[in-house]
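Just so we're aligned: the sequence shown equals residues 10 to 220 in my numbering. Glycine included, every Cβ here is placed at the ideal spot set by N, Cα and C. I have placed the structure first, in the form of structure tokens, so that the comments after it can refer back to it.
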Amino acid sequence: MTTPDPETGALFTPTEMVDEVATFFLAGHETSASALAWALYLLARSPEWQDRLAAEPEVRDFSRLRDIPAARAVFRETLRLYPPVAMTVRTTTRPETLRDRKAPKGAQLVLSPWHLHRHERLWEQPDAFDPARWETENGKTCQREAFTPFSAGPRACPGAGFAMIEGPLILSALVRAYRIEQGTAEPVPVMRLTLRGKDGISLRLTPRIRA
Ligand code: HEM
């Protein structure tokens with residue numbers, strides 16, 4: 010509120026600042042919370058991957074992220090299966106033809122990472138939780154061409170780099186501290202600004218005892 014816009018010289022009004030903070034809460038907090046909740050759910054169903062994460066070293070330093078490859082692969086696989094922003098809307102700036110369908114200028118297009126990330130013609134075993142896929146040829150190609158959890162283009166997520174650091178770090182810390190099991194009910198994904206469980210995501214956490 011004290012730094013003038015370099016082009017216009019304008020300062021943020023209190024209302025604009027409240028909007029900015031609200032956007033960052035939703036965009037930066039709800040999304041990461043959604044991804045972490047689904048990641049824990051997937052790990053509750055995959056004791057093997059959970060043990061692999063728990064066996065990775067404790068990492069506090071951003072530059073040591075390479076020491077926790079399993080946490081990174083699981084976080085990425087979670088963004089594929091349960092993209093927190095499961096759909097976005099874009100408006101065409103000119104007439105387009107998409108697979109023989111015409112979209113006039115000004116049409117609203119719904120882009121759905123949920124569908125793209127589970128596309129049977131693109132991904133091998135699209136519905137399977139397989140964090141090892143990112144090391145395969147198909148996984149690498151699809152990561153480049155069919156993986157858009159942060160959208161793309163000029164209005165893509167500016168927090169993507171940060172999210173891919175904090176996500177694996179927090180996931181790693183949680184799984185090192187707690188054994189995660191499924192709770193009472195199976196979560197039903199619903200899109201409410203971010204992708205959530207209809208009645209939450211029920212999990213049971215037990216502290217891990219370390220020597
Ligand atoms: C796993 C975590 C995250 C996911 C999946 C995610 C995903 C997205 C997506 C898909 C968009 C584009 C939405 C649209 O155009 O309709 C977006 C925008 C945005 N994200 Fe993220 N995001 C995440 C974390 C973060 C973090 C940590 C921050 C900030 C530190 C952040 C800040 C923003 C902001 C400010 C926008 C609006 C950008 C604009 O409209 O120009 N996001 N995010």
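Quiz item: Do you know whose CA, among V199, M173 and P13, lies nearest D208's CA?
Solution: V199
Quiz item: alpha helix (DSSP H) containing P78: first to last residue?
Solution: P78 to L90
Quiz prompt | Cβ neighbours of R205 in the same chain (closer than 7 Å, five flanking residues each side left out) | solution = S43 and V199
Quiz item: V119 lies in the beta strand (DSSP E); which residues open and close that run?
Solution: Q117 to L120
Quiz item: In the segment 159 to 196, which residue ranges form an unbroken beta strand (DSSP E) of at least 3 residues, counting only runs that do not cross its ends?
Solution: 187 to 191
Practice problem: In angstroms with no decimal places, state the Cα-to-Cα distance between M217 and S160. | Solution: Residue identity check: residue 217 is Arg in the sequence provided, not Met. Spanning the two alpha carbons is a distance of roughly 37 Å.
Quiz item: Between the Cα of T157 and the Cα atoms of L90, R73 and E133, which residue gives the shortest distance?
Solution: L90
Exercise. Would you kindly work out how many angstroms separate the C-alpha atoms of A79 and W58, rounded to a whole number?
Key: 8 Å
Practice problem: State whether the segment 137 to 144 contacts the segment 83 to 97, with contact taken as three or more CB pairs (one from each stretch) at a distance under 8 Å. | Solution: yes
Quiz item: Which one or two residues does DSSP pair with L204 in a beta bridge?
Solution: M200
Quiz item: If you measure from each residue's Cβ to the nearest non-hydrogen atom of the ligand SAH, which ones come out under 7 Å, in chain order?
Solution: With respect to the ligand SAH, the structure shown offers nothing to examine, as its ligands consist of the ligand HEM.
Quiz item: So, helix, strand or coil for R103, using DSSP?
Solution: coil
Exercise. Tell me L74's beta-bridge partners as DSSP assigns them.
Key: DSSP, once it has assigned bridges, lists no residue as partnering L74.
Quiz item: Who are the Cβ neighbours of W132 in its own chain at under 6 Å, not counting the five residues just before and after it?
Solution: C151
Quiz item: Counting pairs of beta carbons, one from the segment 102 to 109 and one from the segment 65 to 74, are three or more of them closer than 8 Å?
Solution: no
Quiz item: Should V30 be labelled buried (16 or more other beta-carbon atoms within 10 Å of its own) or exposed?
Solution: exposed
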